[in-house]
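According to numbering that gives the first Met the number 0, the sequence shown is numbered sequentially starting from 0.
Just so you know, even glycine gets a beta-carbon here, dropped at the ideal spot from N, CA and C.
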Amino acid sequence: MQQIGNCSCSPSFSTKYISLHSNMEQSSTEKLVSMVRLLDGPSVKAEEIEWAMDLEAGMTLIDWLAAQMPSYLDVEDGNVDLAQKTVLTGFALEKEEVEALANIKTNFGDDGDTIRTPKEYSIPSEAREHARLMDIESTYIEDEIELLRNRLKQTKIANRRMTQTMKEMKREIGRTRDEISASQERLAEMSIKADSTASASIRCASEVLDALKNEATGNASTDAELKAYANYRSAVVARTQQQVEDVVTAAAGLPSEAELEQVARRVAKKLYGEGDVIQVAEDVFFCQQMEEVCEELEQTDRRAGVANLLLKVKSEQERQADGDVDMDINDELEMAWRLDQMGLLSEKLEILQNAIKDFEGNIIPPLQLLYDSVKTSVSHMAEAEGLIAALGEEMKGIVESSRLAKDSPEISKENITEAETLQAGLVDLLKKLQDLRPANSEPLVLLDHQDVLRELKAIKEQERSLESEEERGTAALIQGLEHLRGSLELLLSDTYQHAPLNTSPPYALPLDLRNLERDTLKMSEELRQSVVILQKNVDSLESERSTKKLHSFVHHALRSPKLKSK
């Protein structure tokens, strides 16, 4: 937006307003001078022809001429003169035209019939402007041609790089296929090892079951051993009971408590009822002690030794006095009875120790060994049952997966995508793979449908020859593998048993390899589309229509007046 005074208006409106305002301010003489200037006429000032306005005829003529200039033109401010000049050239002659007309009249006389306007006549200003525009356009076209030439060069470079990239992609695809083949071989080996492991596990499980069955049949010998140990235990128990009964019988011959009481009363009456026996015993003991003291005194000469001897005798006498206790007949008899009972208990203890020795030496160790063996067998049996159950679950899962694979075979989406891609870009694919054609084949020409069919037939013939070579190699390989079939019969039977079909590989590619194959196909398709776009751009530059346009432009440029004048 432009500001005019305090108003805001659009550029077109402001331009129109300025042009109209400037025309309204000019006088008729100024308009006439402006018209002469626009027509490249003589240099005249408005003051020099003001005198004509004083005459009525001059003013009428000047006003009429000035009225030929429009007072308002809907153009931008910078193009007002050009627009006015364009309006004036409709009824006025330019300087070159006046000179040409004067030259024609001088050379050919006044006969107007001899002057003919060319059909494609252009006024000199238009011709000059047209020549200028043609020069500008030729410059633009030359620049565009140079740009297209550079672009074509870059396209060729990009095409070479694309070709190199395609070759590298082919090599990468080849390496990827080799890796896939190696992975398939490793997977086949792993599957064979897995089948071998499964077969070995089943065989080991069968052997464990057979061993457990044999252990179950061997329980008869264990029962016989247990019966022998039971008989031996019964014999030991019977012998021990007999020995204990003998001790009890011997204990029955000892006096009873009533008899012991009678004996105690009789002995007490005899001892304490007649006091002379005890008194005589005490006198005899006192005499013996005195004799011992006298003998020691005779042998001791010193006074200190005699005193020590007397002190010793005194202390011994005091101890004897303290130790003299009246003898209790009941206690003595009770002690004797306890000694008898201790003897009986010792006999019983010896009998029990012999029985324990027999149990610990002849019965308990074999039974302990048998117990440990049975316990170990039970733990082994539980572990074997767990392993066999787990193996059964795994085998059931394998069988279920195999059944599902047989019942619902799925079509690979990658194969469908690849088929559609091959069908859509068959020609481009043939051009891209022309390096794989035989060396003695004819040059690749794919102009129409027949050429494509001819190339496909040639590829089919090459395929047949390769298949025949492959069949010969396969026959030789089969002959070599016949020698190994005997040792691989079990593995082959297991492999084909778990395969979806007898003619299909038993295992599919892993997920990461399938993703890699899909990504590789997608990248190849993107590269192929890029090559197609580049080829279309090159074809558009080299097409017949573009060539005709270029020739037409050059021819038109050569016919321009400016080039002719040069």
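Contact between residue 529 and residue 165 is ruled out by a C-beta separation of about 10 Å, above the 8 Å threshold. Here the alpha carbon of residue 188 sits roughly 44 Å from the alpha carbon of residue 443.
For residue 173, the secondary structure class from DSSP, reduced to helix, strand or coil, is helix. For residue 370, the closest C-alpha among the options 225, 383, 50, 98 is that of 225. When the beta-carbon positions are compared, residue 239 and residue 351 come within less than 9 Å of each other. The three-state reading of DSSP puts residue 436 in coil, since its state is none of H, G, I, E or B. Taking the C-beta atoms as reference points, residue 93 is found nearer than 9 Å to residue 124. Going by C-alpha positions, residue 429 is about 51 Å away from residue 131.
One alpha carbon belongs to residue 382, the other to residue 179, and they sit about 41 Å apart. In terms of Cβ geometry, residue 64 and residue 27 form a close pair [threshold 9 Å]. For residue 252, there is no enclosing alpha helix (DSSP H), since its DSSP letter is neither H nor E. Taken through DSSP and simplified to helix, strand or coil, residue 42 comes out as coil.
Cβ neighbours of residue 228 within its own chain (closer than 7 Å, five residues either side excluded): 362, 365, 366. DSSP, reduced to helix, strand and coil, places residue 91 outside both helices and strands of the structure shown, so it counts as coil. Per DSSP, reduced to three states, the secondary structure at residue 288 is helical. Each residue's CA atom was taken as its position, placing residue 150 and residue 471 some 52 Å apart. Pairing residue 62 with residue 45, the inter-Cα distance amounts to about 13 Å. In terms of Cβ geometry, residue 455 and residue 204 do not form a close pair [threshold 9 Å]. The alpha carbon of residue 254 has as its nearest neighbour, out of 289, 339, 213, 209, the alpha carbon of 339. Closest in alpha carbon position to residue 95, among 40, 68, 138, is 40. In the structure shown, residue 394 falls within a helical segment according to DSSP collapsed to helix, strand and coil. Under the DSSP assignment, residue 66 falls in the alpha helix (DSSP H) whose first and last residues are 55-66. With contacts defined as CB atoms closer than 9 Å, residue 91 and residue 34 qualify as a contacting pair.
Around the beta carbon of residue 368, fewer than 16 other beta carbons lie within 10 angstroms, which makes this residue exposed. Taking the Cα of residue 523 as reference, the smallest distance to any Cα among 173, 49, 154, 135 is reached at 173. Judged by beta-carbon spacing, residue 380 lies within the 9 Å limit of residue 211, meaning their Cβ atoms are closer than that value. Between residue 526 and residue 168 the beta-carbon gap is near 7 Å, inside 8 Å, which marks them as a contact. Taken through DSSP and simplified to helix, strand or coil, residue 444 comes out as coil.
Counting along the chain, no alpha helix (DSSP H) covers residue 52, and no H or E run does either.
Here residue 534 carries a helix assignment [DSSP, helix/strand/coil]. Contact check for residue 171 against residue 519 passes: the beta carbons are separated by less than 9 Å. Residue 33: member of the alpha helix (DSSP H) spanning 27-37, first to last residue.
In this structure, the CA atom of residue 344 is about 22 Å from the CA atom of residue 257. In the three-state reduction of the DSSP assignment, residue 144 falls in the helix class. Rounded to the nearest angstrom, the gap between the Cα atoms of residue 60 and residue 100 is 25 Å.
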